[in-house]
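Reviewing the structure listed below.
Protein chains: 4
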Amino acid sequence: MCSRTSPRTRVGRPRSAEADAAILAATRDALVDLGWSKLTMGDVATRAGVAKTTLYRRWAGKNELVVDAVAVLFDELELPDRGSLSADIEGVVLQFAALLERPETKTALMAVVAESTRDAPLRERIRASIVERQKHLVLQGRRRAQERGELPDGDGGPAGGTDDLIFDVIAGAVVHRALVSAEPVDSAWVQRFTALLLGGLAAAAAQD
Amino acid sequence: MCSRTSPRTRVGRPRSAEADAAILAATRDALVDLGWSKLTMGDVATRAGVAKTTLYRRWAGKNELVVDAVAVLFDELELPDRGSLSADIEGVVLQFAALLERPETKTALMAVVAESTRDAPLRERIRASIVERQKHLVLQGRRRAQERGELPDGDGGPAGGTDDLIFDVIAGAVVHRALVSAEPVDSAWVQRFTALLLGGLAAAAAQD
Amino acid sequence: MCSRTSPRTRVGRPRSAEADAAILAATRDALVDLGWSKLTMGDVATRAGVAKTTLYRRWAGKNELVVDAVAVLFDELELPDRGSLSADIEGVVLQFAALLERPETKTALMAVVAESTRDAPLRERIRASIVERQKHLVLQGRRRAQERGELPDGDGGPAGGTDDLIFDVIAGAVVHRALVSAEPVDSAWVQRFTALLLGGLAAAAAQD
Amino acid sequence: MCSRTSPRTRVGRPRSAEADAAILAATRDALVDLGWSKLTMGDVATRAGVAKTTLYRRWAGKNELVVDAVAVLFDELELPDRGSLSADIEGVVLQFAALLERPETKTALMAVVAESTRDAPLRERIRASIVERQKHLVLQGRRRAQERGELPDGDGGPAGGTDDLIFDVIAGAVVHRALVSAEPVDSAWVQRFTALLLGGLAAAAAQD
DNA sequence: CTATAAGCGAGACGGTACGTCGCGTCTTAAT
DNA sequence: ATTAAGACGCGACGTACCGTCTCGCTTATAG
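Chains as they are written, first to last, in the numbering used here: chain A, 5 to 212; chain B, 5 to 212; chain C, 5 to 212; chain D, 5 to 212.
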């Protein structure tokens, strides 16, 4: 009697790992060249040197494919340690803004979020592979500031609500500035935004 | 020789005004039933009891049609006078959140913004018919607060930049909360958000 | 009150008659070049300078299209008047054989009949547009022979059964010789076949 | 150094003989259930409990497979000895008709013949495994009739042509009746057909 | 009162992309 | 070497929308 760790011995030809990478890269290329709405599955397949069926064997459709293709870009984001909370925030916001300015992100991000309003599994996929990654930065920043003594202990509210609030404010403001107002997220704007945010946080802390 | 003061007296059968209204209403219905991505021009035409050619005579495509159909909903937004800046902000944010929760808005708004990242005329159309309408509320709120003495005179910064900042923060945070985080924008959240914002504004004013 | 002959006033753009002709001609071309099994709807559409949808708007599929494309070739068949029943039969059989030797007919005819064994509407379509056309020649030939006194009056059997029998024998033998045995239907074979057939008919007439 | 009389002693795992039988049976089942055009190699493999590669190792494609699957059915045909040529013919024609009425034969026979018009190897395969088997019955019947004195000696014509003619007439007429005219090949029809044929043969013999 | 012009519903048209299916080949591990 | 399993590149399928184009008809203004 043998013990099997995997549910069943894998049988048949395994899926090509190269194909996965080629497809995701081709998807990002196509986003740059064509934008979300003109991107087609057939074109991505051609660019990746792969058959259309291979795409559909791995992803349910354009939405899922694009989420995965864009998600890896968010791995680049990390919280720099610049010595103060305000400098840390400014650093990460500029990174986030740079990401949003990239043509593949700019055209894809709002589109998949728009689709996700009517597609719960897609919404969950976005949350898991993109939103959580960003939210983690907020937690990390708050903890580091608490270690420095810049912020009082605790998460600042019931049910971790302040972290969520901060996250929506930061991500929302930057996205709105970049994509809706279509104005540059430069360091001048980021400094004024950070000052506003930290001022608000300090006032809220004082009030308690 | 004829004198024509108007660009030209239109000759031929005039366009039906009823058709316009019916088409926009049908578009909103279709958005509710189908969502942005499944909405088709042919279906809108059928719902409106109109030929497809009639749609294309008036709008260049789906994007433009949907922007117009959704824009009128933003007429409902107005700044209530509740006696204090914080109460005014809470009121208008709740209105805005209610609008975002409507299925036609929820599915359409981010989608057309996403499209607009690669379509300058569309971006301008959205700015003129939706964004400006919202931004006006910020100006109005700031002036009213200044009349009350809650805020110092001036627009609070160089090149009117603070109004823009405030606008991106408010609109961005609410949209992000509602559509990305997919959490309810209820009055508890709005109060905490408003407190944060006003705290930040006060700190910024004190700093100058 | 007006009387309308057509069920309803035709409304909308009428179907292009040129397209019909171009499609049927393209289908015959494709049969010659590719044969039945390699013929594709897309290729026919391209050859005809027409969209694939235009094909599907008029025909349910490849089978129906090919039947119509081939059927017109059977219009060429006619019973020559060569003065005697045997000469008439030899003439029409040679015509039929020549038709079966044409590449478009050779590859298509058995294929659609094979399909028709599991598709009653297709079988009816073939019967109406091809089989009846051929059967008519048998009737015509029998009547002409009766006028000449070469055959006794009557159709030679109950329920017109002899006409049917003769038809199956002639058409079946020629098709089998040409397509299954794949031997030439030349005038030597036709003379021997006709002699056999007329001998059999005479014997049958004598027996009654 | 080894001596090898056979082409080569096969090395490695030998092919499964059971698989061959299972595949041919599965092919006939699939023909009954789906018909020629909807039969697929993958489905046959599944029905046979066999991998697709096993099919392709033995047959070049669908055509060859189906010919082999149907060919064995023709082994059932044999010339009964009913004491007279006419009775023998009637017997064998009824057998042949019964075979053509079977769903697997009905849907497959004309289809592979149609394919064979553009595929010489396939045509040869059909000739060898199906057509010759039938033609043999004609020879056998003619010889038996000659032994009985019902027919004069010789094959009745130059280059054995009469056997071929008789074969095309019998097989062609029955196939046409069954598949094109789609009328039953019952004993009444067979008697009239046989009378016609034998009358023709007698006339031809008298003429010489 | 007629001519001209534009709007309109209907629906056919040339296209493009879709997502699926079957083909025949290949790569695994197991026999 | 053969087998079952199943991924792969390929090509055709039949459908859905796109945005444009005829049609016959209606509804205006201009002469």
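Note that CB positions come from ideal geometry on N, CA and C, so glycine has one too.
>> Would you say Arg181 of chain C lies against chain D (beta-carbon separation less than 7 Å)?
In response: yes
> Mind checking whether Gly176 of chain A and Gly176 of chain B have CB atoms under 7 Å apart?
Replying inline: yes
> How close, in whole Å, do the beta carbons of Leu183 of chain B and Val117 of chain A come, if the pair is a contact with beta carbons under 8 Å?
Replying inline: 6 Å
> Cα-Cα, which of D:Pro125, D:Lys56, D:Phe100, D:His140 is closest to Val179 of chain D?
Replying inline: D:Phe100
>> How far does the alpha helix (DSSP H) with Thr50 of chain B in it extend, from its first residue to its last?
In response: 45–52
>> Beta-carbon within less than 6 Å of Ala52 of chain B's beta-carbon, same chain only, minus the 5 sequence neighbours each way: which residues are those?
In response: Ala26, Ile27, Ala30
>> Cβ closer than 8 Å: which chain C residues qualify as neighbours of Ser185 of chain D?
In response: Within chain C, the residues near Ser185 of chain D are Val135, Asp168, Phe171, Asp172.
>> For the stretch 35–57 of chain A, list every residue whose C-beta sits within 8 Å of some C-beta in chain B, in sequence order.
In response: Gly39, Trp40, Ser41
> Residues of chain C with a CB under 9 Å from the CB of Phe100 of chain D: which are they?
Replying inline: Under the 9 Å cutoff, chain C gives no residues; its nearest Cβ is about 12 Å from Phe100 of chain D.
> Is any beta-carbon of chain A found at less than 7 Å from that of Arg122 of chain B?
Replying inline: At least one chain A Cβ lies under 7 Å of Arg122 of chain B.
> Is it true that the stretch 78–97 of chain B meets the stretch 135–145 of chain B, where meeting means three or more beta-carbon pairs spaced less than 8 Å apart?
Replying inline: yes
> DSSP three-state call for Asp24 of chain C: helix, strand or coil?
Replying inline: helix
>> Here's the rule: buried if 16 or more other CB atoms are within 10 angstroms of the residue's CB, otherwise exposed. What is Val71 of chain B?
In response: buried
>> Using a Cβ-Cβ cutoff of less than 6 Å, which residues in the same chain neighbour Arg8 of chain C once the five nearest sequence positions on both sides are dropped?
In response: For Arg8 of chain C, the predicted model reports a pLDDT of 39, less than 50, meaning its position is unreliable; a value from the coordinates is still stated below. Contacts found: none.
> Rounded to a whole number of angstroms, what is the C-alpha to C-alpha distance between Ser10 of chain B and Phe171 of chain B?
Replying inline: The predicted position of Ser10 of chain B is uncertain, since its pLDDT is 46 and thus under 50; a value taken from the coordinates is nonetheless stated next. Using only the alpha carbons, I get a separation of about 39 Å.
> Where does Asp37 of chain D land, buried or exposed, given buried means 16+ other C-beta within 10 angstroms?
Replying inline: Exposed, since its Cβ has fewer than 16 Cβ neighbours within 10 Å.
> Does DSSP classify Gly63 of chain B as helix, strand or coil?
Replying inline: A small fix is needed here, since residue 63 of chain B is Trp in this sequence, not Gly. Coil.
> So, is the C-beta of Ser10 of chain C closer than 7 Å to a C-beta in chain D?
Replying inline: Unreliable positioning characterises Ser10 of chain C in this predicted model, as indicated by a pLDDT of 49, which lies under 50. A coordinate reading is not provided.
>> So the candidates are C:Glu22, C:Leu89, C:Ile134; which of them puts its Cα closest to the Cα of Leu77 of chain C?
In response: C:Ile134
> By the criterion of Cβ-Cβ separation under 8 Å, what are the contact partners of Thr111 of chain A in chain B?
Replying inline: Ala118, Thr121, Arg122
> Are the C-beta atoms of Gly65 of chain C and some chain D residue less than 7 Å apart?
Replying inline: no
> Hey, quick one: how far does the alpha helix (DSSP H) through Pro18 of chain C stretch, first residue to last?
Replying inline: Counting along the chain, Pro18 of chain C falls outside any alpha helix (DSSP H), and DSSP gives it neither H nor E.
>> Can you tell me whether Val142 of chain C is helix, strand or coil according to DSSP?
In response: Of the three classes helix, strand and coil, the one that applies to Val142 of chain C here is helix, per DSSP.
> Which stretch, first to last residue, makes up the alpha helix (DSSP H) that contains Ala101 of chain A?
Replying inline: 89–105
> Taking Cβ positions, are Asn67 of chain C and Glu128 of chain C nearer each other than 7 Å?
Replying inline: Note that the C-beta distance between Asn67 of chain C and Glu128 of chain C is not below 7 Å.
> Within 7 Å (strictly less), CB to CB, does Ala218 of chain A reach chain B?
Replying inline: No information on residue 218 of chain A is available, as it lies outside the stretch 5 to 212 that chain A covers here.
>> Please list the terminal residues of the continuous alpha helix (DSSP H) segment that includes Thr198 of chain B.
In response: 191–211
>> Tell me the DSSP secondary structure of Asp123 of chain B in three-state form.
In response: coil
>> For a contact defined as C-beta to C-beta under 7 Å, what are the partners of Ala91 of chain C on chain D?
In response: By Cβ distance, chain D contributes nothing, its closest Cβ being about 17 Å from Ala91 of chain C, past 7 Å.
>> By the three-class DSSP mapping on this structure, what secondary structure does Ala186 of chain C have?
In response: Here DSSP, grouped into helix, strand and coil, assigns Ala186 of chain C to coil.
>> Would you say Ala30 of chain A lies against chain B (beta-carbon separation less than 7 Å)?
In response: no
> Taking C-beta to C-beta, are Arg181 of chain C and Val173 of chain C nearer than 7 Å?
Replying inline: Not closer than 7 Å, so no.
> From which residue to which residue does the alpha helix (DSSP H) around Val76 of chain D run?
Replying inline: Element bounds for Val76 of chain D: n/a, residue is neither H nor E.
> So, is the C-beta of Gly204 of chain D closer than 7 Å to a C-beta in chain C?
Replying inline: Closer than 7 Å: yes.
>> Give me the chain C residues within the contact set of Gly158 of chain D, using Cβ-Cβ distance strictly less than 8 Å, ordered along the chain.
In response: The contacting residues do not exist; Gly158 of chain D stays about 15 Å from chain C at best.
> Using a Cβ-Cβ cut-off of 6 Å (strictly less than) and excluding sequence neighbours within five positions of Leu81 of chain A, which residues of its own chain qualify?
Replying inline: Gln99
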